[in-house]
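Trainee: Okay, so the sequence shown: first residue is -17 according to the working numbering, each after it adds one.
Just so you know, even glycine gets a beta-carbon here, dropped at the ideal spot from N, CA and C.
All of these numbers come straight from a predicted model, not from anything done at the bench.
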Amino acid sequence: RVVRENRNNTIRNTYDDLGQGPEDICQVENIKQSEDKMKKLTAAIIMIWSIMMSAQNYDFKFFDSDLKSVQYRDILDQALKSDMVFFGEVHNSVVAHRLQLQLARDLSEAKGEKLVMGAEMFEADNQLIIDEYLADFFDDPRFEADARLWPNYRTDYRPLLQLAKSKGHRFIATNIPRRYASMVSRGGFDSLAKISPLARTYIADFPVLFDPEVTTYKTMILGLGENVHGGIEPINLAKAQAIKDATMAKFILKNYNKGDLFYHINGSWHSYNKEGIIWYINLKRQDLKIFLVTVVEADNIRNIPDNYLGKADVIIAIPKDSPRSY
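1. So, for Met29: in the same chain, excluding its five sequence neighbours on each side, which residues have a beta-carbon less than 6 Å away from its beta-carbon?
2. Compute the Euclidean distance between the alpha carbons of Glu95 and Gly241, then round it to the nearest angstrom.
3. Taking the alpha-carbon positions, what's the Ile225 to Ala186 distance?
4. Since Leu142 and Met99 should fall inside the 8 Å C-beta cutoff, what is the C-beta to C-beta distance between them, to a whole number of angstroms?
5. In or out: Phe120 buried (at least 16 other Cβ within 10 Å) or exposed?
6. Mark Asn282 as exposed unless 16 or more other C-beta atoms lie within 10 angstroms of its C-beta, in which case mark it buried.
7. Rounded C-beta distance between Leu206 and Leu219? I'm assuming under 8 Å.
8. Give me the Cβ distance between Ile297 and Tyr290, rounded to the nearest whole Å; I'm assuming they're in contact under 8 Å.
9. Should Lys232 be labelled buried (16 or more other beta-carbon atoms within 10 Å of its own) or exposed?
10. State the DSSP-derived secondary structure class of Thr183, mapped to helix, strand or coil.
11. Among the residues of its own chain, which have a CB less than 7 Å from the CB of Gly358, if the five just before and after it don't count?
12. Can you give, in chain order, each stretch of the alpha helix (DSSP H) that sits fully within the region 256 to 280 and has at least 4 residues?
13. For Tyr308, count the other beta carbons within 10 Å of its own beta carbon; 16 or more makes it buried, fewer makes it exposed. Which is it?
14. Could you tell me the distance, in whole angstroms, from the CA atom of Leu81 to the CA atom of Asp227?
15. With 16 as the cutoff for other CB atoms within 10 Å, does Lys236 come out buried or exposed?
16. Taking just the CA atoms, how far does Val72 sit from Asp41?
17. Which residues does DSSP pair with Met66 in a beta bridge?
18. Which word fits Phe188, buried or exposed, when buried means at least 16 other C-beta atoms lie within 10 angstroms of its C-beta?
19. Taking DSSP as the reference, what is the three-state secondary structure of Gly301?
20. I'd like the ranges of any beta strand (DSSP E) spanning at least 3 consecutive residues and lying wholly in the region 133 to 173.
21. If you follow the beta strand (DSSP E) that Phe104 is in, where does it begin and where does it stop?
22. Under three-state DSSP, which class holds Ile234?
23. Looking at Ala61: is its Cβ nearer than 7 Å to the Cβ of Phe244?
24. If you follow the alpha helix (DSSP H) that Lys93 is in, where does it begin and where does it stop?
25. Which value, in whole angstroms, describes the spacing of the CA atoms of Tyr254 and Lys293?
26. Assuming Asp193 and Pro159 are in contact, meaning their beta carbons sit under 8 Å apart, how far apart are those beta carbons, in whole angstroms?
27. Measure the alpha-carbon distance for Ser64 versus Arg161 and round it to whole angstroms.
28. Based on DSSP bridge pairs, tell me the residues matched to Val296.
29. Smallest Cα separation from Ile260: which of Glu215, Val67, Thr137, Phe153?
30. When DSSP labels each residue in this structure, what does Glu71 get in the three-state scheme?
31. First and last residue of the alpha helix (DSSP H) that includes Glu195?
Structure below.
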């Protein structure tokens, strides 16, 4: 109380010198109390945020194809010796997106203009919009309004596009327009017979080879069983997956030149076990050195199951309670 009175006397004397009255002292006191409340609120927010962050598991661990522990430096060295690098992600994993962005930055630093980037999340008929955006024809709001973007674009894929823009890398929209994949899921490849010549330029070349014995497609078919799901046959769902893979392979090969390093982002199932996209690439080119990174979720990331043995050149294990972007 004595300290408060002394402080008030000091404030009063100061305001008296300025020709102001006691009501100003009250205003100063109110401001001081507001500042104190704000400091306490800020401290509380920081404490809550810290608790929330500590409750989330940002841990991860790198393994080689033999499930032996490896370091990031080794992964980067192998990637730089490759023609193509595939990063098979878990779409909503914060950790996976951070790691794929870090790898993109390091590849960019090392390869310069020889790095070409591409992603499943962008559809082939949006290539012109991407090219114009990278050339600074328009701003982000215009791009986001015109392109068909995934809901998590801003948090998870915009940083990749921004890296390409800032470093002058080409960025390729590799995926089939979703309307055509949807047609295949309901009617098989024959459903695309009547699409226009222009539309065909956005998808894999016809006829599309489909092998139901490829493990990823066979797993989809067997997993869904013999029953029709919402009018969709399991075999046609696998064909829809296959035409996505074949289309991505087409545009990756179309935009790859000798000496380039093509860095492609896709869901892990599109390249798992070097099947999917990579299977279609190998049908056309067996001479390319392809490096596969796959993200998997595990109960114990220090000791992942043996069934992951040989499924990728590098496996990134993340906890099942790893934080999500959506």
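Mentor: Inspection of the coordinates gives the following:
1. Because Met29 sits at a pLDDT of 48, beneath the cut-off of 50, its placement in the model cannot be relied upon, and the point is left open.
2. Going by C-alpha positions, Glu95 is about 11 Å away from Gly241.
3. Their backbone Cα atoms lie some 7 Å apart in a straight line.
4. By a beta-carbon distance limit of 8 Å, Leu142 contacts Met99. Their separation comes to about 7 Å.
5. Exposed, by the Cβ-count rule.
6. It counts as exposed.
7. Under the criterion of beta carbons closer than 8 Å, Leu206 and Leu219 qualify as touching, at roughly 7 Å.
8. About 6 Å; that satisfies the 8 Å criterion.
9. Buried, because 16 or more other Cβ atoms sit within 10 Å of the Cβ of Lys232.
10. If DSSP states are grouped into helix, strand and coil, Thr183 belongs with coil.
11. Any answer about residue 358 is impossible in this case: the structure gives the chain only from -17 up to 308.
12. As far as the region 256 to 280 is concerned, its whole alpha helix (DSSP H) runs of at least 4 residues are 259 to 266.
13. Taking all protein chains shown into account, Tyr308 has fewer than 16 neighbouring C-beta atoms within 10 Å of its C-beta and is therefore exposed.
14. Taking the straight line joining both Cα atoms gives about 23 Å.
15. With fewer than 16 Cβ atoms within 10 Å of its Cβ, Lys236 is classed as exposed.
16. So the alpha carbons of these two residues sit roughly 15 Å apart.
17. Beta-bridge annotation (DSSP): Met66 is paired with Phe244, Ile272.
18. Answer is exposed; the Cβ neighbour count stays below 16.
19. Looking at the sequence provided, one finds Pro at residue 301 rather than Gly. Of the three classes helix, strand and coil, the one that applies to Pro301 here is strand, per DSSP.
20. Qualifying beta strand (DSSP E) stretches, in chain order: 152 to 157.
21. Per DSSP, the unbroken beta strand (DSSP E) holding Phe104 starts and ends at 97 to 105.
22. DSSP places Ile234 in helix when its eight states are reduced to three.
23. Between Ala61 and Phe244, the CB-CB gap reaches or exceeds 7 Å.
24. Run containing Lys93: 76 to 93, per the alpha helix (DSSP H) assignment.
25. Approximately 6 Å, taken between the alpha carbons.
26. Contact flag wrong, Cβ pair sits at about 24 Å.
27. One Cα belongs to Ser64, the other to Arg161, and the distance between them is close to 33 Å.
28. Asp46, Val275.
29. It is Val67 whose Cα lies nearest to the Cα of Ile260.
30. Note: Glu71 maps to strand in three-state DSSP.
31. Counting along the chain, no alpha helix (DSSP H) covers Glu195, and no H or E run does either.
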